[in-house]
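A.B. asks:
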Amino acid sequence: MTKLANSALLAAVFALTLGSAIAQDSTLSGTVTNGTTNKPAAGDEVILINLSNGMDVAASAKVDSSGKFSFNLTDGPGPHLIRAVHQGVTYHQMAPPGTNSVDVKVYDVATKVAGLNVTADVIRIQADSGTMQGVRLFVVNNTSSPAKTQMNDHNFEFFLPPGAKIEQVQARAPNGKPIAAEAAPQAEKNRYAIAFPLRPGETQFQLEFTLPYPGEIKIDPKPLYASEHLVVVLPKTMQFTAANPASFQPVQNPGQGDSNVQVAQQTKAGQSLAFTLKGNGVITESPGETASGAAQQQDQQQRGDTRPGGGLGVPIDAPDALQQYRWPILVGFAVLLAIGGWIVTKRPPVVPGAATSAARPVAATAGYGAALHPTGPTATVPATSAPVAKSSMLLEVLKEEMFQLEVERKQGKIAPADYEKARAALDQTLERALKRQG
Numbered sequence: 335m336t337k338l339a340n341s342a343l344l345a346a347v348f349a350l351t352l353g354s355a356i357a358q359d360s361t362l363s364g365t366v367t368n369g370t371t372n373k374p375a376a377g378d379e380v381i382l383i384n385l386s387n388g389m390d391v392a393a394s395a396k397v398d399s400s401g402k403f404s405f406n407l408t409d410g411p412g413p414h415l416i417r418a419v420h421q422g423v424t425y426h427q428m429a430p431p432g433t434n435s436v437d438v439k440v441y442d443v444a445t446k447v448a449g450l451n452v453t454a455d456v457i458r459i460q461a462d463s464g465t466m467q468g469v470r471l472f473v474v475n476n477t478s479s480p481a482k483t484q485m486n487d488h489n490f491e492f493f494l495p496p497g498a499k500i501e502q503v504q505a506r507a508p509n510g511k512p513i514a515a516e517a518a519p520q521a522e523k524n525r526y527a528i529a530f531p532l533r534p535g536e537t538q539f540q541l542e543f544t545l546p547y548p549g550e551i552k553i554d555p556k557p558l559y560a561s562e563h564l565v566v567v568l569p570k571t572m573q574f575t576a577a578n579p580a581s582f583q584p585v586q587n588p589g590q591g592d593s594n595v596q597v598a599q600q601t602k603a604g605q606s607l608a609f610t611l612k613g614n615g616v617i618t619e620s621p622g623e624t625a626s627g628a629a630q631q632q633d634q635q636q637r638g639d640t641r642p643g644g645g646l647g648v649p650i651d652a653p654d655a656l657q658q659y660r661w662p663i664l665v666g667f668a669v670l671l672a673i674g675g676w677i678v679t680k681r682p683p684v685v686p687g688a689a690t691s692a693a694r695p696v697a698a699t700a701g702y703g704a705a706l707h708p709t710g711p712t713a714t715v716p717a718t719s720a721p722v723a724k725s726s727m728l729l730e731v732l733k734e735e736m737f738q739l740e741v742e743r744k745q746g747k748i749a750p751a752d753y754e755k756a757r758a759a760l761d762q763t764l765e766r767a768l769k770r771q772g
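Positions 335 to 772 (my numbering) are the ones given, in order, by the sequence shown.
1. For the beta strand (DSSP E) that contains Thr618, what are its first and last residues?
2. By the three-class DSSP mapping on this structure, what secondary structure does Glu522 have?
3. Enumerate in chain order the residues of its own chain whose CB-to-CB distance from Asn509 is below 8 Å, with the five nearest sequence positions on each side excluded.
4. So if DSSP puts His420 in a beta bridge, which residue, or which two residues, is it bridged to?
5. Going straight from the alpha carbon of Ala529 to that of Asp398, what length do you get?
6. Look up Ser394 in the DSSP assignment and give the residues it is bridged to.
7. To which residues does DSSP link Pro546 through a beta bridge?
8. Run the CB neighbour count on Ala580, radius 10 Å, all protein chains shown included, and call it buried at 16 or more, exposed below.
9. On the three-state DSSP scale, how would you describe Leu607?
10. Using only CA atoms, which one of Met466, Ala608, Val474 lies nearest to Ile500?
11. Can you check DSSP and say which residues form a bridge with Ser561?
12. Mapping DSSP to helix, strand and coil, what is Ser581?
13. Rank Ser394, Ile457, Ser404, Gly497 by C-alpha distance to the C-alpha of Val597 and give the top, closest one.
14. By DSSP, does Arg506 sit in helix, in strand, or in coil?
15. Rounding to the nearest angstrom, what Cα-Cα distance links Arg533 and Lys373 in this structure?
16. Just the Cα atoms here: how many angstroms apart are Met389 and Tyr425?
17. Can you name, in chain order, every residue of its own chain whose Cβ lies under 8 Å from the Cβ of Gly497, other than the five neighbours on each side?
18. Can you give me the C-alpha to C-alpha distance between Gln600 and Tyr559, rounded to a whole angstrom?
19. Rounding to the nearest angstrom, what Cα-Cα distance links Leu564 and Leu385 in this structure?
20. Alpha carbon to alpha carbon, what distance is there between Pro430 and Lys402?
21. Could you give the residue range of the beta strand (DSSP E) that holds Leu362?
22. Look up Asp409 in the DSSP assignment and say whether it is helix, strand or coil.
23. Would DSSP call Pro496 helix, strand or coil?
24. For Gln421, which option in Thr371, Val440, Pro413, Asn489 has the closest C-alpha, if you only look at C-alpha atoms?
25. Could you check the C-alpha separation between Thr571 and Asp462 for me, to the nearest Å?
26. Tell me the rounded alpha-carbon separation between Ala608 and Gly369.
27. Going by C-alpha distance, which of Met736, Gly746, Pro569 is nearest Asp761?
28. Roughly how far, in whole angstroms, is the beta-carbon of Ala395 from the beta-carbon of Val380, given that I think they are within contact range, below 8 Å?
29. For Asp437, collect the residues of the same chain with a Cβ closer than 6 Å to its Cβ; drop the 5 residues on either side in sequence, then sort them by chain order.
30. CB-CB under 8 Å to Gln520, same chain, minus the five flanking residues each way: which ones, in chain order?
31. When burial is assigned at 16 or more other CB atoms within 10 Å of the CB, is Gly746 buried or exposed?
32. So Val474 packs on Val452, CB below 8 Å; how close in whole Å?
33. In the DSSP output, what is Leu532 paired with across the bridge?
34. By the 10 Å Cβ neighbour count, where 16 or more other Cβ atoms means buried, how is Glu542 classified, buried or exposed?
35. Could you name the residues that DSSP lists as bridge partners for Gln573?
36. Suppose contacts are defined by Cβ-Cβ distances below 8 Å. Is Ala603 in contact with Pro531 by that definition?
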């Protein structure tokens, strides 16, 4: 009996020792590389964020001289988010459950970089009941070489029509999620600036504004940057008249609903692109359908295709005139207009201390965005967060990671076995998060 008891005790001790060893061996390591110099980002701070219960900071470390870092995962296998801070700008990399190694690339910061261009400036307008609502989307591409992040107090500037009131602003870093941002008024009237880092790659800024509308209005975009395309989307029931008719080209697609698309290509900073709008109307069709149809029609016109019905359409492998920003229009406008619509102009007065229904989605996004992409000392995570809000943040991160995983699979960047393993782990974590939120 004593021998059996001793054997059981030894087995229990062995099991505990083995479990402790396994827990100690559960680590997440990686490297941080300076993409500007292609050297290790020695000395940079790396933060481990546990996404299992929201956005909790689990640990922090410094990158060693060889660019490496390592964390003991005492809080479980994940999912985690790695945040690297370089010269005051944050960079992120997801670490799904089961991930043991993560590589993060950071870039040196400059107040002004060469190679910055606006791929598209898209203005979507509709009007009714004496109020005009507009959504403006900027797609900015940072192709600096060597690659650097541009950051200053007025990092990206733009003009809005006189009397315009900004309702909300969102910014999206390369491969990131849309987050709440702020457009600060500048000394020059009707000029605004967004202090958000322009990291190498494509950054999107999207803002919703309203202004009084007597039935006719003149709008001058006053571009501060050269742009490959400036696009104006409005209902067909509204009249568009350009001050310089040669500047804009109508892009019509008879098979697509009720929108009118006007395009100015290869615009210059300071170029006069004023136009007058008359009448009222609301756009009911999908922004993505409008962009796609307009792109196809303009491509046919540029090729001199005058056949009835436009012929057979654009070949699958042929680039069209709006291809570079078709997806930003689809994603950007669909997100904002689906939430906003005419709610801004129709919502009841705000009760002090209460949040309107239209603001709630943005508030949730703001909390998540501040955690992922702080742009200054004031962009911090709220001190207290409801469990439901934390679960919502986690769900957004998981959905983004699933999207990226599917993109890598379609592009052949991940082996089938690795894809199945990562997808199974994400599905399991997503299921737990949904149950927690429910």
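Quick reminder that beta carbons are idealized off the backbone N, C-alpha and C, glycines included.
C.D. replies: If we stick to the structure as given:
1. Here residue 618 corresponds to residue number 284 of the sequence shown, with the count starting at 1. Premise fails: Thr618 is in no beta strand (DSSP E) and is neither H nor E.
2. Numbered from its first residue, the sequence shown carries residue 522 at position 188. The answer is coil: DSSP assigns Glu522 none of H, G, I, E or B.
3. For the purposes of this step, residue 509 is taken as residue 175 along the sequence shown, with counting starting at 1. These residues qualify, in order along the chain: Gly535, Gln738.
4. Here the question's residue 420 lines up with position 86 in the sequence shown. In DSSP, His420 forms a bridge with Val423.
5. By 1-based counting over the sequence shown, the position of residue 529 is 195. By 1-based counting over the sequence shown, the position of residue 398 is 64. So the alpha carbons of these two residues sit roughly 31 Å apart.
6. Within the sequence shown, numbered from 1, the residue matching residue 394 stands at position 60. The partner list for Ser394 (beta bridge, DSSP) reads Ile381.
7. If you number the sequence shown from 1, residue 546 lands on position 212. According to DSSP, which records beta bridges pairwise, Pro546 is partnered with Thr465.
8. One-based indexing of the sequence shown puts residue 580 at position 246. Burial call: exposed.
9. The residue labelled residue 607 in the question sits at position 273 within the sequence shown. DSSP places Leu607 in the coil class of the three-state scheme, outside both helix and strand.
10. Along the sequence shown, read from residue 1 onward, the residue named residue 500 stands at position 166. Checked all of Met466, Ala608, Val474; the closest Cα to Ile500 is Met466.
11. Within the sequence shown, residue 561 is the residue found at index 227, counting from 1. Note: Ser561 sits in a beta bridge opposite Val452, Thr601.
12. Counting from 1 along the sequence shown, the entry for residue 581 is found at position 247. Here Ser581 sits in helix by DSSP.
13. Here residue 597 refers to the residue found at position 263 when the sequence shown is read from its first residue. Nearest C-alpha to Val597: Ile457.
14. On the sequence shown, residue 506 is found 172 positions in, with the first residue counted as 1. In the displayed model, Arg506 falls within a strand according to three-state DSSP.
15. In the sequence shown, counting from the first residue as 1, residue 533 sits at position 199. In the sequence shown, counting from the first residue as 1, residue 373 sits at position 39. Computed Cα separation, rounded: 18 Å.
16. Within the sequence shown, numbered from 1, the residue matching residue 389 stands at position 55. Within the sequence shown, numbered from 1, the residue matching residue 425 stands at position 91. For Met389 and Tyr425, the distance between alpha carbons rounds to 15 Å.
17. The residue labelled residue 497 in the question sits at position 163 within the sequence shown. These residues qualify, in order along the chain: Leu545, Pro546.
18. Here residue 600 refers to the residue found at position 266 when the sequence shown is read from its first residue. Here residue 559 refers to the residue found at position 225 when the sequence shown is read from its first residue. Taking the straight line joining both Cα atoms gives about 11 Å.
19. Residue mapping note: residue 564 aligns to position 230 of the sequence shown, counting from 1. Residue mapping note: residue 385 aligns to position 51 of the sequence shown, counting from 1. So the alpha carbons of these two residues sit roughly 39 Å apart.
20. Working through the sequence shown from its first residue, we reach residue 402 at position 68. Working through the sequence shown from its first residue, we reach residue 430 at position 96. So the alpha carbons of these two residues sit roughly 19 Å apart.
21. On the sequence shown, position 28 is the one that residue 362 refers to. 361 to 368 is the extent of the beta strand (DSSP E) around Leu362.
22. Here residue 409 is taken as the residue at index 75 of the sequence shown, counted from 1. In the structure shown, Asp409 falls within a coil segment according to DSSP collapsed to helix, strand and coil.
23. Numbered from 1 along the sequence shown, position 162 holds the residue referred to as residue 496. In the structure shown, Pro496 sits in coil (DSSP, three-state: anything other than H, G, I, E or B).
24. Taking the sequence shown and counting its residues from 1, one reaches residue 421 at position 87. Selected option, being the one with the closest Cα: Val440.
25. Here residue 571 is taken as the residue at index 237 of the sequence shown, counted from 1. Here residue 462 is taken as the residue at index 128 of the sequence shown, counted from 1. So the alpha carbons of these two residues sit roughly 11 Å apart.
26. In the sequence shown, the residue the question calls residue 608 occupies position 274. In the sequence shown, the residue the question calls residue 369 occupies position 35. Cα-Cα distance, rounded: 40 Å.
27. Here residue 761 refers to the residue found at position 427 of the sequence shown. Ranking the options by Cα distance to Asp761, first place goes to Met736.
28. The sequence position of residue 395 within the sequence shown is 61, counting from 1. The sequence position of residue 380 within the sequence shown is 46, counting from 1. Contact holds; Cβ gap of about 5 Å.
29. The sequence position of residue 437 within the sequence shown is 103, counting from 1. Excluding positions up to five away in sequence, the list reads Gly364, Thr365.
30. Position 186 of the sequence shown holds residue 520. The residues are His488, Glu491, Tyr526, Ala527.
31. Within the sequence shown, residue 746 is the residue found at index 412, counting from 1. By the 10 Å Cβ count, Gly746 comes out exposed.
32. In the sequence shown, the residue the question calls residue 474 occupies position 140. In the sequence shown, the residue the question calls residue 452 occupies position 118. The Cβ separation is near 6 Å, so the contact holds.
33. Along the sequence shown, one-based indexing puts residue 532 at 198. Under DSSP, Leu532 shares a beta bridge with Gln484.
34. On the sequence shown, residue 542 is found 208 positions in, with the first residue counted as 1. The Cβ neighbour count for Glu542, taken over all protein chains shown within 10 Å, is at least 16; the residue is labelled buried.
35. The sequence position of residue 573 within the sequence shown is 239, counting from 1. Per DSSP, Lys612.
36. As a position in the sequence shown, residue 603 is number 269, starting the count at 1. As a position in the sequence shown, residue 531 is number 197, starting the count at 1. Not a contact, by the Cβ cut-off of 8 Å.
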